[in-house]
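In order, the protein sequence lines correspond to chains A and B.
For the first sequence, our numbering assigns the number 1 to the initial residue and increments by one for each residue that follows.
For the second sequence, our numbering assigns the number 1001 to the initial residue and increments by one for each residue that follows.
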Amino acid sequence: MSEEAVRPAWSQHFATDAIQELLAKGPFAKITPDWAWGNSTGKGIRVAVVDSGIECDHPALDDCVHGGVIVEYDSRSENQFRIKPDNKPTDVSGHGTACAGIIHSIAPEAELYSVRVLGRNMGGRAIQFAAGLDWAIENDMQIVNLSLSTSLEEFFGLFHDLADQAYFKNMNLVSAVNNIPEPSYPSLYSSVISVAAHEGKDPFTYYYNVNPPVEFGAPGIDVEVAWNRKQFLTCTGNSFAAPHLTGITALIRAKHPELTPFQVKTVLLSCAANTKRQNK
Amino acid sequence: MTADQDIDEEKLSEQLQRLLTSIEASGHAVLPGSNDALLQSIVETAAKIFGAAAASLLLVNEEEEALEFKVAFGPGDRDLVGTKFPYDQGIAGYVFMTGMPIATSNVKEDKRFNQDFAKSTGYVPNSILATPLISSDDRVIGVMEVLDKIEAASFDMHDMELMGMFAQQAALAIDQSQQIDEIHQSLVRGLKRLARSDKSADSAELQGVLSQSLENSEEMPDLLELADLFNQISALGEAERKACIQVLSVFAEYRKSTSTYRRFK
């Protein structure tokens, strides 16, 4: 097999020598990071973390978790799942806590909600995941962090419908692309903010990729993250890139509550590190 | 014994040989001889590809809600195999529960890594890359880990993405191998049952098991034919059954001795 054939497809767009420079002109050139999120703390923005739960009393989270639910797989029920309240959320692995910690470090006054869709029963992962996203849509979350995805083709339609519902309800879905270059939903839909990892460390430095479907690259390599049982660890993965964009999106939406999901994306593009502003 | 049950022994053995050959040609021959050998070759290959000092593979033990080390390669490998721990512990547990790969470094300093366990195996890695093994129907069937990148402090995104692709192939092979094992076991179980039962026993149960295992599979007609043949043999009588077992045993031995070059060519 040639080197070309085995080259990974997603994060390569954000390798230092692969990043293409973009141009922002006219009114778009006036959109700067300072305008977009300067002095914002994400105050009052409701962010759902659809994941393994959140360890709400982790020291890295400063009581930013306002509640949540647990979505369990239930093969006997009509919908194949049931939803239980989770007022003091915990985390079954640490993955959701890691994501929450990153979001909180960027948007310290955003309100986080834990939507736990992972558990010991692995049989209904995709349906639990969809039900969790549906809960977030029905419960007026403004941003949903999705550091997980499904590659099951039969869920393409369901997740597409959910992504559309979220879009028309003025929500931003921030979705990590799969770590292997195969289709994964909902990360490949145009309405979501899809994120892969780049090698940088600065949490506010992200890039826009002109070769979709993966649109944004944020730090996700050797990131120091919170973990369950009050721990911290160094992790690598697209899972940890997405929460950076979730945090920044929370800052933008708190400062500019009038923006729609597509305007938020425009602001994100204008403030990407590879966008050059042409002021005349 | 009635005349219509009287089957020429030579003809029967020929038919069995042909059928067994076709089963082997249909898939088993392209895999190493057993599931364990397959797993061992997967972890050794993974260690080589990713420049890791060690590698291991864990499969789900659903009854005990645990992950079990099936094979390991590298330092401490012998102590690991057979060790089990609950789904929600350690790096592999995380990967299993989330279905997401993870790369971590500075593992010795990271408290969340199962240090006591690692120390008991005599091997504490510096860096880990762990990837889920996901079957074609989206079940996480296990976790593959490569440990201690030899030429760098940690595994990077490139490693993670390549390992994801490698794990996809590995999961397919493992899943297929497990299914073939199940078919073999079903055949043996079915034969034992039929041998115990009277001559009027039909092969519906065995056929049912096979049909389920082999749904959408090209080799199904052959296997069903074989199952049917076993059923017919079981109805013949003790002497015929013994003769058949002898023929099959000789054939199996013969295949073992001649198929090696095909497996490892």
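Quick reminder that beta carbons are idealized off the backbone N, C-alpha and C, glycines included.
Under a three-way DSSP split, which group does P1132 (chain B) fall into?
As a first step, residue 1132 (chain B) must be located in the second sequence, where it is residue number 132. P1132 (chain B) sits in a strand when the DSSP states are folded into three classes.
Span of the alpha helix (DSSP H), counted from its first residue to its last, around H329 (chain A)
Only positions 1 to 280 of chain A appear in this structure, which leaves residue 329 (chain A) out of reach.
From the DSSP output, in three-state form, read off S11 (chain A) for me.
Position 11 of the first sequence, counted from the start, is the residue given in the question as residue 11 (chain A). Here S11 (chain A) carries a helix assignment [DSSP, helix/strand/coil].
I180 (chain A) CB to nearest heavy atom of the ligand HEM below 8 Å:
Absence of the ligand HEM from the depicted structure is noted, as is the absence of any ligand whatsoever, leaving it without description.
Are the C-beta atoms of I1102 (chain B) and some chain A residue less than 9 Å apart?
By one-based count along the second sequence, residue 1102 (chain B) stands at place 102. Interface residue, yes.
Interface partners of D222 (chain A) on chain B, CB under 7 Å
Start at 1 with the first residue of the first sequence, and residue 222 (chain A) comes out as number 222. Within chain B, the residues near D222 (chain A) are S1105, S1154.
So I1141 (chain B) packs on L1133 (chain B), CB below 8 Å; how close in whole Å?
Taking the first residue of the second sequence as position 1, residue 1141 (chain B) is located at position 141. Taking the first residue of the second sequence as position 1, residue 1133 (chain B) is located at position 133. I1141 (chain B) to L1133 (chain B), Cβ: 5 Å. Contact.
Just to confirm, are T246 (chain A) and V174 (chain A) a CB contact at a threshold of 9 Å?
As a first step, residue 246 (chain A) must be located in the first sequence, where it is residue number 246. As a first step, residue 174 (chain A) must be located in the first sequence, where it is residue number 174. Against a cut-off of 9 Å, the Cβ pair of V174 (chain A) and T246 (chain A) comes out as a contact.
Counting pairs of Cβ atoms below 8 Å between the stretch 1163 to 1183 of chain B and the stretch 1084 to 1091 of chain B, do you hit three or more?
Taking a contact to require three or more Cβ pairs closer than 8 Å, the stretch 1163 to 1183 of chain B and the stretch 1084 to 1091 of chain B do not qualify as touching.
Name the DSSP beta bridge partners of H104 (chain A), please?
Position 104 of the first sequence holds residue 104 (chain A). Paired residue(s): none; H104 (chain A) is not in a bridge.
Let me know the secondary structure DSSP gives K1084 (chain B) once reduced to three states.
On the second sequence, position 84 is the one that residue 1084 (chain B) refers to. Of the three classes helix, strand and coil, the one that applies to K1084 (chain B) here is strand, per DSSP.
Who are the neighbours of Q1168 (chain B) on chain A, taking C-beta pairs under 9 Å?
Taking the second sequence and counting its residues from 1, the one referred to as residue 1168 (chain B) is at position 168. What Q1168 (chain B) touches in chain A: I180, E182.
Name the chain A residues whose beta carbon is nearer than 8 Å to that of D1138 (chain B)?
As a working note, residue 1138 (chain B) is residue 138 in the second sequence. Chain A residues near D1138 (chain B): R125, A126, T150, S151, L152.
So which residues on chain B does S93 (chain A) lean against when the C-beta distance must stay under 8 Å?
Your numbering for residue 93 (chain A) matches position 93 in the first sequence. Within 8 Å Cβ-Cβ: D1088, G1093, Y1094, M1097, T1098.
Stretch-stretch touch, CB-based, cutoff 8 Å, three pairs: the stretch 66 to 86 of chain A with the stretch 34 to 42 of chain A
Flag = no, the stretch 66 to 86 of chain A and the stretch 34 to 42 of chain A do not touch.
Reduced DSSP category for F159 (chain A) - H, G, I as helix; E, B as strand; rest coil
Along the first sequence, one-based indexing puts residue 159 (chain A) at 159. Looking at F159 (chain A) - three-state DSSP - the assignment turns out to be helix.
7 Å CB neighbourhood of N274 (chain A) in its chain, flanking five on each side removed:
Numbered from 1 along the first sequence, position 274 holds the residue referred to as residue 274 (chain A). If we look at N274 (chain A) and ignore the five residues flanking it on each side, its Cβ neighbours are I19, Q20, E21, L22, Y207, Y208.
contact_flag[the stretch 219 to 234 of chain A, the stretch 154 to 164 of chain A] where n(CB pairs < 8 Å) is 3 or more:
No, the stretch 219 to 234 of chain A does not touch the stretch 154 to 164 of chain A.
Residue environment, T1104 (chain B), which counts as buried when at least 16 other CB atoms sit within 10 Å:
Numbered from its first residue, the second sequence carries residue 1104 (chain B) at position 104. Its Cβ being crowded by 16 or more others within 10 Å, T1104 (chain B) is buried.
By alpha-carbon positions, which one of B:A1152, B:Q1169, B:A1252 ends up nearest to R1127 (chain B)?
Your numbering for residue 1127 (chain B) matches position 127 in the second sequence. It is worth fixing the name first, because residue 1127 (chain B) is Ser in this sequence and not Arg. The shortest Cα separation from S1127 (chain B) among B:A1152, B:Q1169, B:A1252 belongs to B:A1152.
Mark V1250 (chain B) as exposed unless 16 or more other C-beta atoms lie within 10 angstroms of its C-beta, in which case mark it buried.
If you number the second sequence from 1, residue 1250 (chain B) lands on position 250. Exposed is the call here.
Could you check which residue in B:Y1123, B:S1041, B:V1095 has the C-alpha nearest to that of G119 (chain A)?
What you label residue 119 (chain A) is simply residue 119 of the first sequence in a count that begins at 1. If we check each option's Cα against that of G119 (chain A), B:V1095 comes out closest.
Please identify the residue among A:E55, A:I106, A:V214, A:H104 whose C-alpha is closest to the C-alpha of L269 (chain A).
Here the question's residue 269 (chain A) lines up with position 269 in the first sequence. Closest by alpha carbon: A:V214.
Could you tell me the boundaries of the alpha helix (DSSP H) in which E1068 (chain B) lies?
Residue numbering aside, residue 1068 (chain B) sits at position 68 when the second sequence is read from its first letter. DSSP places E1068 (chain B) outside any alpha helix (DSSP H); the residue lies instead in the beta strand (DSSP E), whose first and last residues are 1066 to 1073.
Can you check whether the C-beta of E1164 (chain B) is within less than 9 Å of a C-beta belonging to chain A?
Counting from 1 along the second sequence, the entry for residue 1164 (chain B) is found at position 164. Inspection of the sequence shows that residue 1164 (chain B) is occupied by Gly rather than by Glu. At least one beta carbon of chain A lies nearer than 9 Å to the beta carbon of G1164 (chain B).
For chain B, is any of its Cβ atoms less than 9 Å away from the one on E138 (chain A)?
By 1-based counting over the first sequence, the position of residue 138 (chain A) is 138. So, not an interface residue.
Considering A1053 (chain B), what are the terminal residues of the alpha helix (DSSP H) in which it resides?
Taking the second sequence and counting its residues from 1, one reaches residue 1053 (chain B) at position 53. Where A1053 (chain B) is concerned, there is no enclosing alpha helix (DSSP H), although the beta strand (DSSP E) it sits in stretches over 1052 to 1061.
What's the gap between the Cα of L1229 (chain B) and the Cα of R1241 (chain B)?
Taking the second sequence and counting its residues from 1, the one referred to as residue 1229 (chain B) is at position 229. Taking the second sequence and counting its residues from 1, the one referred to as residue 1241 (chain B) is at position 241. Each residue's CA atom was taken as its position, placing L1229 (chain B) and R1241 (chain B) some 12 Å apart.
Using the rule of at least 16 other Cβ atoms within 10 Å of the residue's Cβ for burial, across every protein chain shown, is T16 (chain A) buried or exposed?
Residue 16 (chain A) sits at position 16 when you count from the first residue of the first sequence. The residue is exposed, with fewer than 16 neighbouring Cβ atoms inside 10 Å.
Considering only DSSP beta bridges, list what H198 (chain A) is partnered with.
Taking the first sequence and counting its residues from 1, the one referred to as residue 198 (chain A) is at position 198. Answer is A:P219.
Is M1157 (chain B) close to chain A, meaning its C-beta is less than 9 Å from at least one C-beta of that chain?
Counting from one through the second sequence, the residue named residue 1157 (chain B) turns up at place 157. So, interface residue.
Taking CB distances under 9 Å as the criterion, tell me whether A100 (chain A) reaches chain B.
Here residue 100 (chain A) is taken as the residue at index 100 of the first sequence, counted from 1. Interface annotation, A100 (chain A): not in contact with chain B, CB-CB separation never under 9 Å.
By the three-class DSSP mapping on this structure, what secondary structure does S1186 (chain B) have?
Counting from one through the second sequence, the residue named residue 1186 (chain B) turns up at place 186. S1186 (chain B) sits in a helix when the DSSP states are folded into three classes.
Is DSSP giving P33 (chain A) helix, strand or coil here?
By 1-based counting over the first sequence, the position of residue 33 (chain A) is 33. The answer is helix: DSSP assigns P33 (chain A) an H, G or I state.
Would E199 (chain A) count as contacting chain B if we go by Cβ distances under 9 Å?
Working through the first sequence from its first residue, we reach residue 199 (chain A) at position 199. For E199 (chain A), the answer is yes, since a Cβ of chain B falls inside 9 Å of its Cβ.
Do F14 (chain A) and A196 (chain A) have their C-beta atoms closer together than 9 Å?
Start at 1 with the first residue of the first sequence, and residue 14 (chain A) comes out as number 14. Start at 1 with the first residue of the first sequence, and residue 196 (chain A) comes out as number 196. Contact flag set, yes.
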